[in-house]
Amino acid sequence: MIMKWIVLSSSLTFASGLVSAQPILSVTFAQANQCRDIESKLERLQCFDEVFNTPVTAVKTPTSLNTVQYPSSWIRAVNSEKSRGDTKGFIFNQQDKDKDKDNELSRMWLTETATNISLQGKTSMAPILMLTCFEKISRIQLILPQPIQAGRVTISIPGSPVVTQDWISDNSGYLLRSGRGIPAIDVIKAMISAPQLILRSDVAGIDNLEFDNKNLAEVIKPMREICRW
């Protein structure tokens, strides 16, 4: 009788675990299906790596960024902001047509540095918000000057309506990313509609970050066209 009770208890525990895991699995498989639609082999592989949290070797940065290893998206955003000049608001970037003629319209990104962070020293940097359209799939990434320990961060965008999501940290801790596709589009629409683009979060270094979104509705038009929303 005792043995039967142990077997029954174990079976119920296992079944309960399966039931609780079903929503997570459904989201994961839905994201994986989006990866299948990516034409570029490299981008498709990167998409699967992100969905299933496959460890990825970070890209080594130039010596000007010391010896820290940053993700390629981090470097892309920083380089974008270096070329900002006197431009205000979000700035538009597009894949070099001469280097990638087959995908000249498939890679676009916007960046904007937080406007309410005081910097000290030439090497200081503020968080950067990057909106991307790669292989016709939208994504949002928050580039951080210092790594965070949290693997998941709750972020709210006070648009119309307010959108609240959990963003995932990558292996390095230097960037947070939204979900691909519809989750990212929902956030971007909230960012466009917000009178002031201020992030709310349960993490102190991210809560209250403010970005200039006055030109966002206009500058994002090419990305909306390519990403079909």
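Under mature numbering (1 follows the signal peptide of the UniProt record, and there is no 0), read the sequence shown as residues -21 to -1, 1 to 208, first letter to last.
Note that beta-carbon positions come from the ideal geometry of N, C-alpha and C, so glycine has one too.
Bear in mind that the values here come from a model prediction, so they are computed numbers and not experimental data.
Classify residue i: buried if its beta carbon has 16 or more other beta carbons within 10 angstroms, exposed otherwise.
i: VAL141; result: exposed
i: ALA183; result: exposed
i: GLU91; result: buried
i: SER43; result: Low per-residue confidence applies at SER43: pLDDT is 49, beneath 50, and the placement is therefore not dependable, though the value from the model is reported in the following sentence. Burial call: exposed.
i: THR94; result: exposed
i: VAL47; result: exposed
i: residue 285; result: The requested residue 285 is not part of the displayed model; the chain covers only -21 to 208.
i: PHE190; result: buried
i: THR66; result: exposed
i: PRO174; result: exposed
i: GLN128; result: exposed
i: ALA163; result: buried
Assuming contact is defined by CB atoms lying nearer than 8 Å, are residue i and residue j in contact in what I supplied?
i: SER172; j: GLY138; result: yes
i: MET109; j: GLN120; result: yes
i: ARG159; j: TRP146; result: no
i: SER52; j: LEU195; result: no
i: ARG63; j: ILE54; result: no
i: VAL198; j: LEU89; result: yes
i: GLU114; j: ILE17; result: yes
i: GLU60; j: ILE107; result: yes
i: PRO50; j: SER151; result: yes
Kindly indicate which residue of the options has the alpha-carbon position closest to the one of residue i.
i: MET202; options: ARG86, PHE31 and PHE190; result: ARG86
i: LYS193; options: ASN187, TRP208 and MET170; result: MET170
i: ILE122; options: THR143, VAL57, ILE164 and GLN13; result: VAL57
i: GLN74; options: THR111, GLN25 and ALA105; result: THR111
i: LEU188; options: ALA105, LYS200 and ARG207; result: ALA105
Touching by the beta-carbon criterion (3+ pairs, under 8 Å), the stretch 125 to 135 and the stretch 164 to 181:
yes
Within the stretch 114 to 200, ranges of the beta strand (DSSP E) (whole runs, at least 3 residues):
116 to 122, 131 to 136, 142 to 148 and 154 to 156
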